[in-house]
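Add 5 to a position in the sequence shown, counting from 1, and you land on the number used in my numbering.
For reference, the structure is listed below as C-alpha cells.
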Amino acid sequence: MAIPRDRNGDYEPRLIKKYQNAVTQDMEEKILSMCAKGMTTGDIESHMRELYDIDISNSTISRITDKILPIVKEWQERPLEEVYAVVFMDAIHYHVLSKGRIVKRAVYIALGIDMNGKKDVLGMYVGENESAKFWLSIMNGLKNRGVEDILIACVDGLNGFPQAKD
Numbered sequence: 006m007a008i009p010r011d012r013n014g015d016y017e018p019r020l021i022k023k024y025q026n027a028v029t030q031d032m033e034e035k036i037l038s039m040c041a042k043g044m045t046t047g048d049i050e051s052h053m054r055e056l057y058d059i060d061i062s063n064s065t066i067s068r069i070t071d072k073i074l075p076i077v078k079e080w081q082e083r084p085l086e087e088v089y090a091v092v093f094m095d096a097i098h099y100h101v102l103s104k105g106r107i108v109k110r111a112v113y114i115a116l117g118i119d120m121n122g123k124k125d126v127l128g129m130y131v132g133e134n135e136s137a138k139f140w141l142s143i144m145n146g147l148k149n150r151g152v153e154d155i156l157i158a159c160v161d162g163l164n165g166f167p168q169a170k171d
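Below, the structure written as C-alpha cells:
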C-alpha cells in the first residue's frame, strides 16, 4: 500500500498506521460494507484510493469479500422450525450491474413467523421469473431444511405460486 508522507512526519493516519502494509480487520469491514451496499470491486478500489490514498487491488477486494461466502452458505442451509404460523413471500426489485449493463433483478424473500411469534428470514432467492418451478424449488428447499407445515402462506400476487403450492 502506498501511504503519502508529510514534511514533518507528524501525520498519523487513522485507518492505516504508519509502516503498515497489510489490510486490517477494520479495513476489511469497510470493504465488506461497501460491497453490501452494491459497490463493485472497481468502485471500492477507487473509493479506497480517493479517501485513504491507498491502492488495493480488485483481487484483494474479491479475496476479502469471498471470506463471507461460507458464512452465507451456512445461513442459507441452516435448519428451520418444523411449523410456521405465517410465511410471507414477496419480492424486492433492485437495479444491478450485470455484464456491464444495469438490469432489474428481483430478490424473493421468505419471512416466517413461528408458533411463538418470532420472526425469521427463512431465505432470500434471486430468480429470473416467478414460475411454478421456481416457487416449487423454494418450497422444496424449505422442506429439506425441516419445515413440515406452514399454516398461512401470505403472498402478493406472485405468479406461479398457486401452482407450486398444490
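Ideal Cβ placement from N, Cα and C applies to all residues, glycine included.
Check                                                                                                                                                                         : Outcome
Would you please state the rounded distance, in angstroms, between the beta carbons of V88 and E153? I believe it to be under 8 angstroms.                                    : 6 angstroms
Pair every Cβ in the region 40-52 with every Cβ in the region 60-75, then say whether three or more of these pairs are closer than 8 angstroms.                               : yes
Return the chain-ordered list of same chain residues with a C-beta closer than 7 angstroms to the C-beta of I118, the five sequence neighbours on each side being excluded.   : Y89, A90, V91 and K124
Measuring only the C-alpha atoms, how far is C40 from L156?                                                                                                                   : 37 angstroms
Label E86 either buried or exposed according to how many other C-beta atoms from any shown protein chain fall within 10 Å of its C-beta, with 16 as the threshold for buried. : buried
Would you mind stating whether M144 and A115 have Cβ atoms separated by less than 7 angstroms?                                                                                : no
Just verifying my parser: in three-state terms, what is the DSSP assignment at D31?                                                                                           : helix
When DSSP labels each residue in this structure, what does R110 get in the three-state scheme?                                                                                : strand
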